[in-house]
Amino acid sequence: MHALILSMELKALSSIRYNRAEVIQSFRWKIGPVLPHEIQEKLHFSEKEYFKNHSAAIKSYMSEMDIDLTVDMVPPKDPYIQVRVLEDIGEVSLGEHSISLTKNSLHFLRRTDTEQFISQTNLRLIAGYQKT
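Counting from 1, position 84 in the sequence shown corresponds to residue 84 in full-length UniProt numbering; the numbering is continuous, with no gaps.
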């Protein structure tokens, strides 16, 4: 009888621990790599270490794959988009290649390479994934 109760308690504790691990993982996606103090003070030391290691693994993966998974939680339909240059930018290094962005020219580029210029209104999206 005691073994059964002990087994049930271990199963419940394991379930709680698994649930907390999922919550801690979700913090990385919802909040980012730095937890607010009010959340940190509620975590056990081992949970803080788990969060730190989980964040490091995500950072390493994103660096290795050369992609930022935190930019859009909805994946783009196509990683490449067509853009029109609205003003002369000049020679720009994009990843492993460079390109001349001259006014009114059209280019088919990786979305991640163009986001900065689109937000600065130097480029306009012509075709591809558009944020809603």
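No residue lacks a Cβ here, since even glycine has one placed at the ideal position from N, Cα and C.
Report back the beta-carbon spacing between residue i and residue j to the nearest angstrom; my notes put them in contact at under 8 Å.
i	j	result
T112	I67	7 Å
R28	H54	6 Å
E91	S98	6 Å
Which of the three DSSP states, helix, strand or coil, is assigned to residue i?
i	result
L101	strand
V34	coil
E9	helix
L69	coil
D78	coil
M1	coil
residue 140	Because the chain in this structure spans residues 1 to 132, residue 140 falls outside the shown range and cannot be described.
Note down, in chain order, each residue of its chain lying with its Cβ closer than 8 Å to the Cβ of residue i, except the 5 sequence neighbours on either side.
i	result
Y80	F108, L109, R110, R111, G128
G95	D66, R110, D113
Hey, how far is the Cα of residue i from the Cα of residue j?
i	j	result
L35	A56	14 Å
S100	S60	31 Å
Which same chain residues, not among the five before or five after residue i, have their C-beta less than 6 Å away from its C-beta?
i	result
R84	L106, R124, I126
L69	M62
Which residue or residues does DSSP assign as beta-bridge partners of residue i?
i	result
H107	V83
L94	H97
L123	V85
Within the same chain, show all residues whose beta-carbon is closer than 7 Å to that of residue i, passing over the 5 residues directly before and after it, in chain order.
i	result
Y50	A21, I24
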